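In what follows, a single structure is set out as structure tokens and then discussed.
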């Protein structure tokens with residue numbers, strides 16, 4: 094199977110599992126592109142994620158960058174279409190149904206059940222990215238400090254990325 098068909102098929106399936114967005118599926122996307130197919134290293138994957146997060150726009154940009162890294166512009170287009178297409182169609186039809194049953198008690202149960210699933214998927218993504226990006230105690234310390242500052246303050250994440258880049262440039266991490 095061609096790389097483009099593989100990207101389209103896999104990201105289409107990921108699209109239907111992306112409760113909480115593309116970031117919630119990062120461990121599985123990492124397994125697919127790094128471990129299963131060897132299209133990039135874990136460090137390259139973490140770098141693409143960082144670029145996608147620094148860029149303005151939706152978090153699904155990481156999928157476009159992965160597709161671009163694997164198969165150029167056609168890969169970026171196919172990966173993005175695969176990640177956005179099926180879930181967009183499903184969301185459209187589910188939203189219509191969701192509105193029809195807005196007073197139903199099972200609707201509240203589903204909403205409450207999906208919240209912990211989403212949180213768990215996002216935490217799993219954070220752990221995977223931390224493992225891929227950190228190779229020593231200084232980088233783990235920087236990662237932990239950055240996470241705490243991001244959590245406890247309203248500081249723009251670009252300042253945190255800039256501080257990390259500066260520390261890396263100075264050879265401290």
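Residue numbers (my numbering): 94 to 266. Backbone N, C-alpha and C fix where the C-beta goes; we use that ideal spot for every residue, glycine too. Just so you know, these numbers come straight off a predicted model, no measurement behind them.
Worksheet entry | Distance CB(residue 240)-CB(residue 232) smaller than 8 angstroms | no
Discussion item. What does the alpha-carbon distance come out to for the pair residue 50 and residue 264?
Written reply: This structure cannot speak to residue 50, because the chain is shown only from 94 to 266.
Worksheet item: Between residue 165 and residue 205, what straight-line distance do the alpha-carbon atoms span, to the nearest angstrom?
Response: 40 angstroms
Fill in: Length of the line joining the Cα atoms of residue 152 and residue 126
18 angstroms
Discussion item. Would you say the beta carbon of residue 172 is closer than 7 angstroms to some non-hydrogen atom of the ligand GDP?
Written reply: Ligands are entirely absent from the displayed structure, and the ligand GDP is therefore not among its contents.
Worksheet item: Is residue 133 helix, strand or coil when you go by DSSP?
Response: coil
Discussion item. Let me check understanding here. Comparing Cα to Cα, which of 243, 245, 248 and 236 lies closest to residue 260?
Written reply: 236
Item to complete: Give the secondary structure of residue 114 by DSSP, where H, G and I count as helix, E and B as strand, and everything else as coil.
Response: coil
Discussion item. Give me, in chain order, the residues of the same chain whose beta-carbon lies closer than 6 angstroms to that of residue 139; leave out the 5 immediate sequence neighbours on both sides.
Written reply: 222, 225 and 226
Worksheet item: Straight-line CA distance for residue 108 to residue 258?
Response: 32 angstroms
Discussion item. So the candidates are 218, 266 and 245; which of them puts its Cα closest to the Cα of residue 114?
Written reply: 218
Item to complete: Just the C-alpha distance for residue 141 and residue 213, rounded to the nearest angstrom, thanks.
Response: 22 angstroms
Discussion item. Please report the distance separating the alpha-carbon of residue 189 from that of residue 196.
Written reply: 14 angstroms
Worksheet item: Helix or strand or just coil, what does DSSP make of residue 198?
Response: helix
Practice prompt. Kindly indicate the opening and closing residues of the alpha helix (DSSP H) around residue 167.
Written response: 154 to 193
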